[in-house]
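Position 125, counted from 1, in the sequence shown is what this note's numbering calls 372; the numbers after and before it change by one each time, with no gaps. We treat Cβ as the ideally placed atom computed from N, Cα and C, and that holds for glycine. Small disclaimer: the values here were computed from a predicted structure and weren't measured.
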Amino acid sequence: MQATFDVYYDRIHETELYYKAIQQLYDTQNKLDEKYEFHSDDFLKMLKSNALLMIYNLVESSIMGGILEIYDELRSNGYAYKDVRKEIQDIWVSFKFNQVYDKSAHYNSYRDKAIEIINSILNGEVIELDRKAT
């Protein structure tokens, strides 16, 4: 999880630096004798919009990074279906079923996937999840 925290703190620092730059532009907007294009209201609005995108990306990447680290821990520590909480079990079953989902999929495809899932559970196979499971 440390890698996720490191990336999170780096993104926080970048976002804070960006906010300081925007604040300085606002502070100097009316103080300068010359008008620069980057002091225009439209440009400053674009910068604020970009700041919101930076915050969204910060949250999304932090959450996704944490989830993927949990998935890696499950796999590397050899956790099987019976070893994990119901929420992880539900995610795993959905992940497995989504591997076969297709509008043109035949009944046998679903049956075969159900049998594969049942056998994985009964045999205590290690849970493996990736980004598609989120």
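Rounded separation between residue i and residue j - CA only
i    : j    : result
E372 : G312 : 24 Å
I374 : D257 : 31 Å
E261 : N277 : 26 Å
M301 : T275 : 23 Å
Simplified DSSP state of residue i, which is helix, strand or coil
i    : result
V347 : coil
A352 : coil
V331 : coil
Residue from the options whose Cα sits closest to the Cα of residue i
i    : options          : result
S341 : T381, M293, N277 : T381
Sub-8 Å separation of residue i and residue j beta-carbons
i    : j    : result
I338 : L376 : yes
V347 : Y354 : no
K343 : K360 : yes
E316 : M248 : yes
Buried or exposed (CB count within 10 angstroms, at least 16 for buried), residue i
i    : result
L321 : buried
I310 : exposed
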